[in-house]
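Note that our numbering gives residue 130 to position 118 of the sequence shown, counting from 1, and the numbers run on in steps of one.
Think of the CB as a built atom: it goes at the ideal place given N, C-alpha and C, for glycine as much as any other residue.
Computed from a predicted structure; not experimentally measured.
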Amino acid sequence: MKNTLDKRVIKTRHLIKTTVAKMLKKQNPDDISITDISRQSLIQRATFYNHYANVYEVVYDICGDITKLVDEQFCDIDFSHVKQSVKDIIYGFSAVRRRLEPEYMDFLFSENAAVTVQIRKWFTSSTIAKLEKSQRPLDKFEKYAVAMYVNGLFDAYITWRNESPSKSGEEFIAYAVKVIDNACDFISIR
């Protein structure tokens, strides 16, 4: 009985999350009502409230799902080797994109920043932690530089993928490595 109940809970929560993810592509969380979620996911309002207190809890749960997947994909990247890490990051983005639910993927690569902000924060803090572990503590300006580097790669990949969905990741990697080479000529990492 408990196993059946757990499966039902998992399926219902999944249904709610995918419905909200679809809605978030076009609306902000403040503009989404529980009634709209219930209507689109074909559940009762009471069922929604059995699982979540409000829309923000659902968004937080979606962020948790995506962040967990990103963490699994990027946990072994060595950020101290810039050129290789760029390749690993791009391959990682592609792998995350393939493994995400279609609703999550559309939401993640849409204009709504609710999830991407969380992933960027995780990715930036993870990069800083790995650099500090492998090299030395970074000062605040070096941390800003890391954040700019990570966010730049993230934005460049999303823009490139949206404009050129048929091109291979290798083409983007070649482009990104050239950009990194030029940047490294001006910036030296101590």
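### Query
Whose C-beta lies closer than 7 Å to the C-beta of Val-21 among residues of the same chain, with five residues either side of it excluded?
No residues qualify anywhere along the chain.
### Task
Give the straight-line distance between the Cα atoms of Leu-112 and Pro-149, rounded to the nearest whole angstrom.
34 Å
### Message
Here's a check: name, in chain order, each residue in its chain whose Cβ is nearer than 7 Å to the Cβ of Thr-47, leaving out the five neighbours to either side.
### Response
Arg-57
#### Entry: Complete runs of the alpha helix (DSSP H) confined to the stretch 13-66 [at least 4 residues]
14-36, 46-53, 57-63
#### Entry: Environment of Lys-23 [buried if 16+ CB atoms lie within 10 Å]
exposed
### Own chain residues within Cβ distance below 7 Å of Ser-176, not counting five before or after
Closer than 7 Å at Cβ, skipping near neighbours: no residue.
### Query
In this structure, does DSSP put Arg-110 in helix, strand or coil?
helix
### Task
Since I believe Val-162 is in contact with Phe-135 (beta carbons under 8 Å), could you give me their beta-carbon distance rounded to a whole number of angstroms?
5 Å
#### Entry: Secondary structure of Arg-132, DSSP reduced to three states
helix
### Message
What does the alpha-carbon distance come out to for the pair Leu-36 and Ser-146?
### Response
39 Å
### Task
Given a cut-off of 8 Å, decide if Ile-101 and Val-67 are closer than it, judged by their beta-carbon atoms.
no
### Task
Given a cut-off of 8 Å, decide if Thr-59 and Glu-115 are closer than it, judged by their beta-carbon atoms.
no
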